[in-house]
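Residue numbers for the sequence shown follow our numbering, so the first one is 1394 and each next one is one higher. Please read the structure below before turning to the comments.
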Amino acid sequence: VVSMDAVDPDMLAIARAIDFVPVRILFHPGRADGRRVQSVLAIKAHWAWLQDMLWTRLPETRAYHGHIALLEEDHVVTPD
């Protein structure tokens, strides 16, 4: 699962190029009531939204009991 707060063409291209595992891309806008949420609150709101999406709303993960890698646009995957 690749979760993004906004559409970034470069990050979207990277996520779409992943071919060694199934990938689900999710977008969560960082706005509330028409104005930008403070950064710490936005991070918490995004995390809560993502967990709800993953474990209760997405058909691919709702009943899945295996490993899931949670990646956000500011995380980097390394070989180690």
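Positions of the beta carbon are idealized from the N, C-alpha and C atoms, including for glycine.
Practice problem: Please work out which residues of its chain come closer than 8 Å, Cβ to Cβ, to residue 1414, disregarding the five sequence neighbours upstream and downstream, and give them in chain order. | Solution: 1462
Quiz item: Closest by CA to residue 1432, which one among 1471, 1398 and 1445?
Solution: 1398
Quiz item: Taking Cβ positions only, does residue 1468 come closer than 8 Å to chain D?
Solution: Of the protein chains in this structure there is only one, and it is not chain D.
Exercise. Can you give me the Cβ contacts of residue 1443 inside the same chain, cut-off strictly under 6 Å, excluding the 5 residues immediately before and after it?
Key: 1396
Practice problem: With DSSP as the reference, label residue 1436 as helix, strand or coil. | Solution: helix
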